[in-house]
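Numbering (the numbering used here), first residue to last: 392 to 1418.
The structure under discussion appears below in the form of structure tokens.
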């Protein structure tokens, strides 16, 4: 082992090394002065490191010992998706394959140039001033823990917790606190898992939900969550304004009146908070730290005050320090008033737990979000839960539920006629208890924490700090989330708010919008209804975050690799379910409103289908479902009732033959499989753009055609079609029908191409596949410039060729670009056919495919009102019997085809004009061997094997005349039809290819509508049995 290590070390020491410099120019070899080994100096500029420190730097990119072009694993190769990060790519396979041509073996020459096309030149926009001050980034304590604790320690802690404890008792209050903590802890675990499954750039909850569940779910949540944060900012500001108003009232100060005083103080406060936010995250962070210190002092003041002996003034308020009997009495609930029930208390308390996403919402300003979010969020939940439990316990252990506040109620040791717990401590609160007019005590005073504390106004300062810190936190969170939503361009008219300013990319416009919304609701000054909506908005966000974690885990996607392992998918599912349940238990109408808004925004995004691909778990789940269903379907035997024409359509590039695509899409959409096959030669592949497949798929999607696209490289149409028929599809989702375009230019084509085309038909029948051949009046091809080998199997579009020459703005067929993909040519199959007829010439019983395809066409909206006419062969003697028999069969098939026409003149000899036209078409392919001597005949047959000998022509003469006669009947009866379907004749093995091609041409020539030559595989596709 040591020898192997030493050998590898020596080998690596002798390998070329790759250096990067900031000098522009191509990579060059140079000699290292120390090791005398070749190096590659490549011009490159690194925009910023992962710690966001910007500026160019000099670094070493090492080559592996396989090749100097083959680099060792490097972080920059995987960081291409980060914003403001210089993109670096590893050498492509083509580059590595051509390393010899690029001069790898000639590295002894110091002046040898190597083309390293995978190492891009620096982007000018990525360059920055090295002297520019780095953006402010926060650690897990200040950036996450402190922010979460400030938002969780809200006004409910100081003004409502003691009242909730008096109603629910200590036990149920602890249950409420712990249940809330369970929901928030489970959500925090889900947040931690998602946040550590890749770098969370910005956008907080919206970013995580949208990247996990896709834009359809993420977009509505982003909009609702941003709005909820703005409203929460207004609510906390109003809470602060009300406390200020009450404080002013204690000093007999009134500005206008109670309502307008709240509005005035609220608007001034929110304006000051906006100025702090606009000053930047550094100033906002310092302000939050100040609030945090005030809160710590305030809470310390409270706990110290509970241990101080209460004077008589405090005893009159019902405060008697720690007493066992008071503690025991307050253990159990004492419900009072219309809000006196468990779930109402839960609904009032739960908004205090909605601050756990404060750190997530500014994840773009954190040094290391993957580490900071789990540690900071979970630590904040732990300490705030302890504080809530401790405050509820100490307040209930020191204070009776009812007290008068009147110091004259002190009675000493006399307890005669006294009721209530205060009698044991020498206080008679009987009068206020009986009249229910007590204003103090655990159940009545909302300022109990201040009365229990050592210094009252420190609690007031704590209320100020709690409300202002929460308002400031929400004022910062809402614009950050909304900015990320606007950048994704999921909704119209909001992109203007995506612009950021300064080194921290501050969303100043979004700040102003949030300020306007908050001021609007502050001026209302009555937010009880909106408060219910806010709780539901946050619960909905929690539920979707938990569901995102569960869904990402259950889909088993290889990309789900969170660095935080202390989560459970079932706990996440429990968190999602309990969040939704709590929404309806708290305020059912607000839950309905929330879901109504979510569904409306979801419908808009689902309708517009934004062009984003975030690798969501929904995609992984769709893959799992498709794979599972495909595997399970493979074990099911085929049944005639479930037969579907699963079509392999040889379209070439689909945008060049839109009629063929539209025809098959008309009867396969949302019902059956459709695969567009594009057979290319090796030269075509080299000349084709690398993104051609993506653009052609985009073209199909824009045309609303549900189809796969499969390019295939082959030497000929026949070989490519044969391989596609065998290899296309998956399990039961495999083609059973081949669809071709008709080769209308067969007379001018080379004999090899005709032979290739006909042999493709032969192979289809030999493989037991169904076959359809579509012939358009004006041809298939949109453009004639697309001249591939495979396209020789089809015809040029002469009518559109002239139009293309007169339309210089039309792209060439080789230019598969965005513009080209959006250039949709309308075909007859996209028009509403009205009450035109579909004429079906069911000449041969092929199993029913000739009838099934027109039936499927009439199920679509464009062919819904078309009438299907069925033509059959018969004679005059039993014409009615034949019609009735066919009508009975169609009725058994439940096809609703009621028009059956019996062709009694099909046995007549065709007209001389028609027959002469057929003879002229095959004349160039006649061998006329009877006019040659024996030696010349043998040479002719060897030289022209595709030509029709006189013996073969005479042998198939009767069949040829019947094809000509059938064409006369079709032209006579189907002059005004929208579509004609004719049973395709199956060629005998000894039928010459040119003669068979002439038959196909004869059957469909002279029509004024699209014609389809169709043939099943002689197996039933229709049945009138139930089983």
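For every residue, glycine included, the Cβ atom is placed at its ideal position computed from N, Cα and C.
Quick caveat, the model's predicted, so the values are computed rather than measured.
- By the 16-neighbour rule on beta-carbons within 10 angstroms, residue 1078 is exposed.
- Between residue 1056 and residue 1065, the CB-CB gap stays under 8 Å.
- Counting the other CB atoms within 10 Å of its CB gives residue 1367 a total below 16, which places it among the exposed residues.
- Residue 726 sits in coil when the DSSP states are folded into three classes, being neither helix nor strand.
- Rounded to the nearest angstrom, the gap between the Cα atoms of residue 1148 and residue 1108 is 7 Å.
- DSSP, read as helix, strand or coil, puts residue 818 in strand.
- In this structure, the CA atom of residue 669 is about 40 Å from the CA atom of residue 944.
- In the three-state DSSP reduction, residue 1126 falls in the coil class, being neither helix nor strand.
- Three or more pairs of CB atoms, one per stretch, sit closer than 8 Å, so the region 824 to 844 contacts the region 778 to 789.
- Cα atoms of residue 569 and residue 814: separation of roughly 34 Å, rounded to the nearest angstrom.
- The DSSP assignment places 919 to 945 as complete runs of the alpha helix (DSSP H) inside the region 918 to 964, in order along the chain (cut-off: 4 residues).
- In the DSSP annotation of this structure, the continuous segment of the alpha helix (DSSP H) that includes residue 610 starts and ends at 606 to 641.
- Rounded to the nearest whole angstrom, the C-alpha separation of residue 1129 and residue 972 is 53 Å.
- Here DSSP, grouped into helix, strand and coil, assigns residue 1295 to coil.
- The beta-carbon distance between residue 1282 and residue 1258, rounded to whole angstroms, is 16 Å. This is too long to meet the 8 Å contact definition.
- Residue 1068 is bridged by DSSP to 1041, 1101.
- Residue burial annotation: residue 614 is buried, with at least 16 other C-beta atoms found within 10 angstroms of its C-beta.
- As the crow flies, the alpha-carbon of residue 1102 is around 11 Å from that of residue 1088.
- Setting aside the 5 residues that flank it on each side, residue 969 is surrounded in the same chain by 574, each with a C-beta closer than 7 Å to its C-beta; the list follows chain order.
- A direct Cα-Cα distance of roughly 40 Å separates residue 794 from residue 933.
- Bridge pairing for residue 790: 710 [DSSP].
- Counting C-beta pairs closer than 8 Å gives fewer than three between the region 1117 to 1133 and the region 1339 to 1348, which falls short of the contact rule.
- Bounds of the beta strand (DSSP E) holding residue 1228 are 1228 to 1232.
- Setting aside the 5 residues that flank it on each side, residue 1339 is surrounded in the same chain by 1313, 1316, 1317, 1318, 1383, 1385, 1386, each with a C-beta closer than 7 Å to its C-beta; the list follows chain order.
- The region 999 to 1019 makes no contact with the region 1393 to 1408: fewer than 3 CB pairs, one atom from each, lie closer than 8 Å.
- In this structure, the straight-line span from the alpha carbon of residue 930 to that of residue 876 is close to 20 Å.
- When the Cα atoms are used, residue 1269 and residue 1404 turn out to be separated by approximately 28 Å.
- With contact defined as three or more Cβ pairs closer than 8 Å, the region 672 to 680 and the region 531 to 546 are in contact.
- Minimum Cα-Cα distance from residue 661 among the listed residues 867, 556, 783 corresponds to 867.
- Selection 748, 694, 680 evaluated against residue 847 yields 694 as nearest (Cα-Cα).
- Within the same chain, Cβ atoms closer than 6 Å to the Cβ of residue 958 are found at 580, 584, the five residues on either side in sequence being excluded.
- The Cβ-Cβ distance between residue 750 and residue 891 does not fall below 8 Å.
- In this structure, residue 550 lies away from residue 779, with their beta-carbon atoms at least 8 Å apart.
- At a Cβ-Cβ threshold of 8 Å, residue 1253 and residue 1223 count as neighbours.
- Distance check between residue 1373 and each of 1264, 1290, 559, 634 places 1264 closest, using alpha-carbon atoms only.
- Only residues of its own chain outside the window of five on either side were considered, and among them 786, 833, 839, 840 have a CB closer than 7 Å to the CB of residue 553, listed in chain order.
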